[in-house]
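Per the numbering used here, the very first residue in the sequence shown carries number 266; after that it's consecutive.
Heads up, the beta-carbon is just placed ideally off N, CA and C, and yes, glycines get one too.
Only a predicted model underlies this, so the values are computations on that prediction, with no experimental measurement involved.
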Amino acid sequence: MTFIVWLAMLGAVLLLLALSSSYLRWVPVTSSVVCLGLGMGLAGLGLLHLDMTDASHWMEHLTEVAVLFSLFFTGLKLRLPLRNRRWWAACYLAGPVMVVCIAGVSLLLHYGLGMSWGVSVLIGAILAPTDPVLATLVQVTDSQDSDAVRFGLSGEAGLNDGVAFPFVILGLLLQESPQDGWLTHWLLGDVLWAVAAGLLSGYWLGRGLGKLTLYLRLQNDDSTVSPNDYLALALIAIAYVMAEAVHGYGFLAVFAAGAGLRQAEVQTSADPQDLAAEHLVQPVVGHQHVAPEHAIKGNVEALDSSQIAAGIMLGDMLAFGSLVERAMEVFVVTLLGVVLLDHWDSQALMVAAALFLALRPVSVLLMPSRGLLNVRQRSLLGWFGIRGVGSLYYLFYSLNHGLAPAHATQSMNLVLSVVALSIVVHGISVQPMLARYESWKQQR
Numbered sequence: 266m267t268f269i270v271w272l273a274m275l276g277a278v279l280l281l282l283a284l285s286s287s288y289l290r291w292v293p294v295t296s297s298v299v300c301l302g303l304g305m306g307l308a309g310l311g312l313l314h315l316d317m318t319d320a321s322h323w324m325e326h327l328t329e330v331a332v333l334f335s336l337f338f339t340g341l342k343l344r345l346p347l348r349n350r351r352w353w354a355a356c357y358l359a360g361p362v363m364v365v366c367i368a369g370v371s372l373l374l375h376y377g378l379g380m381s382w383g384v385s386v387l388i389g390a391i392l393a394p395t396d397p398v399l400a401t402l403v404q405v406t407d408s409q410d411s412d413a414v415r416f417g418l419s420g421e422a423g424l425n426d427g428v429a430f431p432f433v434i435l436g437l438l439l440q441e442s443p444q445d446g447w448l449t450h451w452l453l454g455d456v457l458w459a460v461a462a463g464l465l466s467g468y469w470l471g472r473g474l475g476k477l478t479l480y481l482r483l484q485n486d487d488s489t490v491s492p493n494d495y496l497a498l499a500l501i502a503i504a505y506v507m508a509e510a511v512h513g514y515g516f517l518a519v520f521a522a523g524a525g526l527r528q529a530e531v532q533t534s535a536d537p538q539d540l541a542a543e544h545l546v547q548p549v550v551g552h553q554h555v556a557p558e559h560a561i562k563g564n565v566e567a568l569d570s571s572q573i574a575a576g577i578m579l580g581d582m583l584a585f586g587s588l589v590e591r592a593m594e595v596f597v598v599t600l601l602g603v604v605l606l607d608h609w610d611s612q613a614l615m616v617a618a619a620l621f622l623a624l625r626p627v628s629v630l631l632m633p634s635r636g637l638l639n640v641r642q643r644s645l646l647g648w649f650g651i652r653g654v655g656s657l658y659y660l661f662y663s664l665n666h667g668l669a670p671a672h673a674t675q676s677m678n679l680v681l682s683v684v685a686l687s688i689v690v691h692g693i694s695v696q697p698m699l700a701r702y703e704s705w706k707q708q709r
């Protein structure tokens with residue numbers, strides 16, 4: 266009976282979003298806000314109930330899978346070369362800005378709410394990363410989008426979920442009685458090695474398999490029939506497992522694998538400034554099941570075989586990724602709405618205000634721009650620090666990996682409440698602010 270109820274809930278939510286999408290695009294709210302409200306309504310009517318303590322294990326894996334998909338396809342959209350200055354902004358947001366947010370929230374929780382240092386650092390690390398799943402509206406729209414704000418937020422969302430991991434581990438360590446030498450081990454193993462191993466292993470795996478796949482498809486003349494969604498799933502799984510096997514961060518590896526695969530596509534173009542391959546090729550629906558000469562529409566005589574193969578491969582992957590991302594977002598945010606009424610903590614208002622209105626905006630405004638970002642753009646970067654599925658994953662990871670039971674309930678309530686507040690305040694403001702930003706760019 267429970268399965269039937271949950272299946273009915275999912276079907277009703279998806280149907281409502283499908284029927285109301287033409288209206289929602291004119292209303293200044295995101296679909297995440299709608300899903301959160303629907304979940305709260307279903308829980309308030311007594312139709313659904315979820316015990317977070319019992320569900321923590323499968324919720325950890327559900328949110329983990331959602332983040333992995335989003336990270337890979339975020340990396341796949343970032344086409345600028347690694348030496349481009351826009352990557353510098355992304356690294357700054359995912360590095361110094363996130364560390365400032367972790368430190369600020371930790372100080373607030375310790376001195377303002379009387380929490381121990383271990384729990385304070387843990388919650389600070391959980392709430393610090395910008396979410397890759399819920400931030401799709403403010404990220405690059407496609408691989409040709411090189412807007413400084415969107416690219417910076419996309420790169421940050423891809424990097425900081427992995428960069429936050431050592432601070433989550435630090436928070437868990439501080440709850441225990443660390444042995445001598447633990448800090449050195451944490452710095453060398455959990456920070457330097459794990460971050461570098463994740464990024465390097467993922468990037469070269471994605472780039473190498475991308476080049477190998479294109480080569481094999483050209484050799485066997487099957488550029489239009491290969492199952493590209495299988496390749497995406499394989500890269501996500503292998504990159505994650507490979508990084509974890511060498512004690513690197515799987516999140517960083519999966520993001521880097523997407524970026525590496527994109528660089529393999531760039532090499533198929535005679536001029537990297539040209540349109541991305543997926544914009545040059547228009548495969549027909551069901552192109553995997555028709556003859557190659559009927560698989561593509563439009564004028565592609567000017568393209569070589571490698572561009573056609575890359576275009577079909579990446580086009581299929583991005584379409585598949587967009588579908589999975591939206592489905593995961595709907596399900597996870599609706600679940601958050603279902604449990605929010607039982608886990609609301611009013612102290613989250615103070616934490617959210619400090620994080621959204623002070624810590625992140627000020628740290629971004631103080632960021633050296635190097636002539637890349639003006640004050641308006643840095644203000645947008647400071648506001649669009651959306652918290653979401655990544656924070657939920659770190660919460661459930663902590664619950665299942667050493668968070669003291671005495672602190673579990675308070676930590677859970679605070680994190681769930683802050684994430685819900687982020688979904689609401691950012692979800693209401695994102696479309697009007699982006700519309701004004703795009704209007705300002707056109708006027709310039």
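{"Query": "Extent of the continuous alpha helix (DSSP H) to which Arg415 belongs", "Result": "Ala413 to Val428"}
{"Query": "Same chain, Cβ closer than 8 angstroms to Leu312, neighbours up to 5 away in sequence not counted", "Result": "Val270 and Met274"}
{"Query": "Distance between Phe516 and Leu465 (C-alpha atoms, nearest Å)", "Result": "12 angstroms"}
{"Query": "As assigned by DSSP and simplified to three states, the class of His512", "Result": "coil"}
{"Query": "Counted within 10 angstroms of its Cβ, other Cβ atoms place Ala359 as buried (16 or more) or exposed", "Result": "buried"}
{"Query": "Contact belief for Phe649 with Leu418 at Cβ below 8 angstroms, rounded distance in angstroms", "Result": "6 angstroms"}
{"Query": "Collapsed DSSP secondary structure at His722 in the structure displayed", "Result": "Beyond the ends of the chain as shown, which are 266 and 709, falls residue 722; an answer cannot be given."}
{"Query": "Alpha-carbon to alpha-carbon, Ser285 and Ser704", "Result": "26 angstroms"}
{"Query": "Distance between Val640 and Gly655 (C-alpha atoms, nearest Å)", "Result": "28 angstroms"}
{"Query": "For Asp607, the three-state DSSP class (helix, strand or coil)", "Result": "helix"}
{"Query": "Meets three-Cβ-pair contact criterion under 8 angstroms: the segment 516–526 and the segment 419–428", "Result": "yes"}
{"Query": "Contact check, Val695 vs Thr295, beta carbons under 8 angstroms", "Result": "yes"}
{"Query": "Which of helix, strand or coil DSSP assigns to Gln528", "Result": "helix"}
{"Query": "Cβ-Cβ distance between Ala685 and Leu601 below 8 angstroms", "Result": "yes"}
{"Query": "Pair within 8 angstroms by beta-carbon distance, Gly667 and Leu437", "Result": "yes"}
{"Query": "7 angstroms Cβ shell around Phe338 - same chain, five flanking residues per side excluded", "Result": "Gly523, Leu583, Gly586 and Glu590"}
{"Query": "Closest Cα partner of Ile651 within the set Ser571, Gly475, Arg348 and Leu392", "Result": "Leu392"}
{"Query": "Own chain residues within Cβ distance below 6 angstroms of Gly525, not counting five before or after", "Result": "Tyr468, Gly471 and Arg472"}
{"Query": "Reduced DSSP category for Ala617 - H, G, I as helix; E, B as strand; rest coil", "Result": "helix"}
{"Query": "Residue range of the alpha helix (DSSP H) that includes Ala344", "Result": "Checking the sequence shown, residue 344 turns out to be Arg, not Ala. Counting along the chain, Arg344 falls outside any alpha helix (DSSP H), and DSSP gives it neither H nor E."}
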